[in-house]
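Residue numbers (this note's numbering), protein chains in the order written: chain G, 1 to 143; chain L, 1001 to 1122.
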Amino acid sequence: MSESYDRGLIEDFGRWTEFSAGMWAWVFHKFTGWVLIGYLFAHVAVLSSAIPAASQTAAIAGGTDVYTTTLQALESIFLVRVLEVGLLAVAVFHMLNGVRLLLVDLGIGLEVQDKSFYASLIVTALIAIGSVTTFITPEVVPW
Amino acid sequence: MSETYSSFRAGSTLWLLQRITAAFLILVLAFHFFWLHFVNHAAEITLQGSAVRMDELGYLITMVLFLVTGAFHGVNGVYNALVNQGLTGTPKRAVKWLLVLAGALVIVQGLRVAAAMSGVSV
Chain G
1 MSESYDRGLI EDFGRWTEFS AGMWAWVFHK FTGWVLIGYL FAHVAVLSSA
51 IPAASQTAAI AGGTDVYTTT LQALESIFLV RVLEVGLLAV AVFHMLNGVR
101 LLLVDLGIGL EVQDKSFYAS LIVTALIAIG SVTTFITPEV VPW
Chain L
1001 MSETYSSFRA GSTLWLLQRI TAAFLILVLA FHFFWLHFVN HAAEITLQGS
1051 AVRMDELGYL ITMVLFLVTG AFHGVNGVYN ALVNQGLTGT PKRAVKWLLV
1101 LAGALVIVQG LRVAAAMSGV SV
């Protein structure tokens, strides 16, 4: 049985102290969505180094083409590795909350949507923490 | 509490397409992260290795679909978020076409990258 009430404008972020779990899920989904679309453009820009590299036949075999050296130079930067963990966290939350939204749209789990939001946050945190050793390997740690 | 929040008008075509692409992207994004970060580590990626992966027709098609659906889902999401913030009239039309252009550009550039990678002899 659904009941409606006046939630006010969630777009008015000045009211953040009054936000419920569903509102925070909405805000986090927007934020992670903006990060992911921004990253898509940056990702395609970096991968575009494959276009000039594709004609460097001898360099490709030796792994010294501009695509390989660009990616490996980026991957040697500690900050890039930290940002990759952040990107994974952003992507995992967006996916888990996306599943939650799809289920809610199908009428599944509507009554536990607060709990499923908290579960999305906890699982995201666990996966992000668990991935740290995969992304941040000893050779890039500056100390 | 049973109120839900969305930037989309439920039942519209864009709303439906956003959800169809979401269902596909959840699977492919999870695969992409797993394959290119946990199985093949990003730091060890080479053009030769990328070309070998792109030489598999199924992988190439999956990545092209990933690009197209990801660009649509992202651009459509941004558009609806801005409309939800109160964008109307001429600014709304201008933003719409700017986003259509941006989405088309990232798809074209992504296809050029895919073509370059799959053109490398493996």
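Heads up, the beta-carbon is just placed ideally off N, CA and C, and yes, glycines get one too. From a predicted model like this one, the values you see are computed outputs, not experimental measurements.
With 16 other CB atoms within 10 Å as the buried threshold, where does residue i fall?
i                 : result
Leu96 (chain G)   : buried
Gly1058 (chain L) : exposed
Arg81 (chain G)   : buried
Ala1104 (chain L) : exposed
Ala50 (chain G)   : buried
Leu1047 (chain L) : buried
His1073 (chain L) : buried
Gln1085 (chain L) : exposed
Trp146 (chain G)  : The requested residue 146 (chain G) does not occur in the structure, where chain G is confined to residues 1 to 143.
Glu139 (chain G)  : exposed
Gly1089 (chain L) : exposed
Any C-beta of chain L sitting closer than 9 angstroms to the C-beta of residue i?
i                : result
Lys115 (chain G) : no
Glu18 (chain G)  : no
Trp34 (chain G)  : yes
Ser120 (chain G) : no
Gly86 (chain G)  : no
Measure the beta-carbon distance from residue i to residue j and round it to whole angstroms, keeping in mind my assumption that it falls under 8 angstroms.
i                 : j                 : result
Leu102 (chain G)  : Ala1071 (chain L) : So it is not a contact: roughly 20 angstroms between Cβ atoms.
Val1064 (chain L) : Leu1029 (chain L) : Not really, about 15 angstroms apart at Cβ, beyond 8 angstroms.
Ala59 (chain G)   : Gly1119 (chain L) : Incorrect: roughly 15 angstroms between the Cβ atoms, too far for contact.
Phe19 (chain G)   : Phe93 (chain G)   : Phe19 (chain G) to Phe93 (chain G), Cβ: 17 angstroms. No contact.
Asp105 (chain G)  : Arg1053 (chain L) : With a Cβ gap of about 34 angstroms, Asp105 (chain G) and Arg1053 (chain L) do not count as contacting.
Asn1076 (chain L) : Leu1017 (chain L) : 7 angstroms
Val46 (chain G)   : Leu74 (chain G)   : 7 angstroms
Does the beta carbon of residue i come closer than 9 angstroms to any beta carbon on chain G?
i                 : result
Phe1033 (chain L) : yes
Arg1112 (chain L) : yes
Leu1057 (chain L) : no
Gly1070 (chain L) : yes
Tell me which residues share the same chain as residue i and place their Cβ nearer than 7 angstroms to its Cβ, disregarding the 5 neighbours each side in the sequence.
i                 : result
Val1068 (chain L) : Ile1107
Leu83 (chain G)   : none
Pro52 (chain G)   : Val66
Tell me which same chain residues have a C-beta within less than 8 angstroms of the C-beta of residue i, skipping the five on either side of it?
i                 : result
Leu88 (chain G)   : Ile127, Ala128, Ser131 and Phe135
Ala1102 (chain L) : Val1075
Ignore the nearest five residues each way along the sequence and tell me which others in residue i's own chain have a CB closer than 6 angstroms to its CB.
i                 : result
Asp1055 (chain L) : Val1122
Gly38 (chain G)   : none
Asp114 (chain G)  : Ala21
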